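There are 2 protein chains.
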Amino acid sequence: MELYVERGFERTTVAEIAERAEVTERTFFRHFADKREVLFSGSEALRDLLIERVADAPKTATPIHAVRTALEAAGAVIQERGEWSRRRQAVIAANAELRERELIKLASLATALAEALRQRDVKEPAASLTAEVGISAFKVAFERWVQQPSRRNLPRLIRESIDQLRAVAAGE
Amino acid sequence: MELYVERGFERTTVAEIAERAEVTERTFFRHFADKREVLFSGSEALRDLLIERVADAPKTATPIHAVRTALEAAGAVIQERGEWSRRRQAVIAANAELRERELIKLASLATALAEALRQRDVKEPAASLTAEVGISAFKVAFERWVQQPSRRNLPRLIRESIDQLRAVAAGE
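Chains as they are written, first to last, in the numbering used here: chain A, 284 to 455; chain B, 284 to 455.
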């Protein structure tokens with residue numbers, strides 16, 4: 284990650300990453316399929332966390348609240364990685380291919396959330412709509428978090444963003 | 284487009300497209316940068332339409348209503364192309380690279396909508412949030428339209444989808 288920030292993603296080789304991490308290239312490739320994977324290896328864990336939290340939400344929770352709880356939990360994980368998450372975002376923002384990959388990741392998280400909602404007997408199109416707008420609110424909150432030097436609490440920004448959906452949708 | 288449906292996007296060459304369209308390859312490349320462009324050449328017109336409609340919405344229109352009006356207008360354009368739009372979607376759905384490109388297109392439409400809302404003095408993060416959830420609702424409506432053999436009216440599906448945001452956000 285340091286190398287990506289120093290030199291840019293394109294100009295960093297796997298050999299250099301391995302050297303910096305004091306591992307062999309072979310070890311690198313045992314952990315990551317390619318150098319993009321260094322940045323996206325957490326995606327599956329994040330998806331599993333979202334699915335789990337939606338499934339575990341109380342039966343009385345409305346779909347949007349189940350999604351909010353799940354995304355706040357994801358926000359807490361990202362917040363914990365703090366500086367790493369911000370650096371990662373800077374590297375991604377500087378590279379079109381990585382920005383695309385990030386969009387795909389978000390789209391797949393929305394797909395996973397929609398499926399988790401359907402498991403709770405939420406019907407279509409409400410399940411997809413709730414999942415998609417939840418991810419939209421997450422995206423906006425995440426961008427605010429990355430940009431704000433004051434480093435506000437990410438789970439709280441996510442909660443605010445989802446709560447603000449109500450005013451937005453009501454046309455206030 | 285016929286060729287993409289018949290053979291798949293990967294297996295279609297520019298030479299074949301040009302032949303089917305009865306133009307030379309040179310003419311093809313005067314109109315399109317590459318064969319992907321055949322599928323995405325309408326993106327800019329769509330973006331311009333969204334910006335224009337948001338700008339032209341009555342001053343009394345709330346942000347979400349300005350966005351709804353704009354997306355309904357975009358839906359009407361897509362609906363007009365009817366069969367072409369559905370075939371295009373089938374080609375895109377079958378190819379990972381094209382699905383990514385479609386996600387990028389939607390993200391850039393959301394960025395354009397957010398900027399158009401800021402021009403109407405909508406503050407951040409409300410502008411980005413409204414734009415992102417509007418595009419989310421559009422995406423869900425579009426998928427329903429593509430899947431439903433009954434070929435329902437796309438602008439109406441978009442309107443329903445955006446109106447449903449209110450119930451989703453309120454946790455109903």
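Even for Gly, the Cβ is constructed at its ideal location relative to N, Cα and C. Everything numeric in this text was worked out from a predicted model, so none of it was measured.
Sequence-distant residues of its chain with Cβ nearer than 7 angstroms to residue i (five each side left out)
i: residue 326 of chain B; result: 388
i: residue 415 of chain B; result: 393
i: residue 385 of chain A; result: 375
Contact with chain A by residue i, beta-carbon distance below 8 angstroms
i: residue 343 of chain B; result: no
i: residue 454 of chain B; result: yes
i: residue 326 of chain B; result: no
i: residue 392 of chain B; result: no
i: residue 412 of chain B; result: yes
i: residue 449 of chain B; result: yes
i: residue 383 of chain B; result: yes
i: residue 387 of chain B; result: yes
Within-8 angstroms CB hit, residue i to chain B
i: residue 429 of chain A; result: no
i: residue 437 of chain A; result: no
i: residue 444 of chain A; result: yes
Contacts around residue i, its chain only, beta-carbon distance under 8 angstroms, and the 5 residues preceding and following it disregarded
i: residue 396 of chain B; result: 333, 334, 337, 350, 353, 413, 414, 417, 418
i: residue 391 of chain B; result: 326, 330
i: residue 381 of chain B; result: 292, 319, 322, 374, 375
i: residue 369 of chain A; result: 429
Residue interval of the alpha helix (DSSP H) (run including residue i)
i: residue 422 of chain B; result: 409–430
i: residue 365 of chain A; result: 346–376
heavy atom of the ligand NAP below 7 angstroms from residue i C-beta
i: residue 364 of chain B; result: In the structure shown, the ligand NAP is absent, as is every other ligand, since no ligand is present at all.
Close beta carbons around residue i, own chain, < 6 angstroms, minus the five adjacent residues each side
i: residue 439 of chain A; result: none
i: residue 344 of chain A; result: none
i: residue 372 of chain A; result: 429
Using a Cβ distance threshold of 8 angstroms, determine whether the region 425–443 of chain B contacts the region 358–365 of chain B, with at least three qualifying pairs required. yes
Three or more C-beta pairs closer than 8 angstroms, one from the region 402–417 of chain B and one from the region 347–355 of chain B: is that the case here? yes
Using Cβ-Cβ distances below 8 angstroms, what residues of the region 330–364 of chain A are close to chain B? 345, 346, 347, 348
Check each residue of the region 394–423 of chain B: if its Cβ is closer than 7 angstroms to any Cβ of chain A, include it; give the result in chain order. 408, 409, 411, 412, 413, 415, 416, 419, 420, 422, 423
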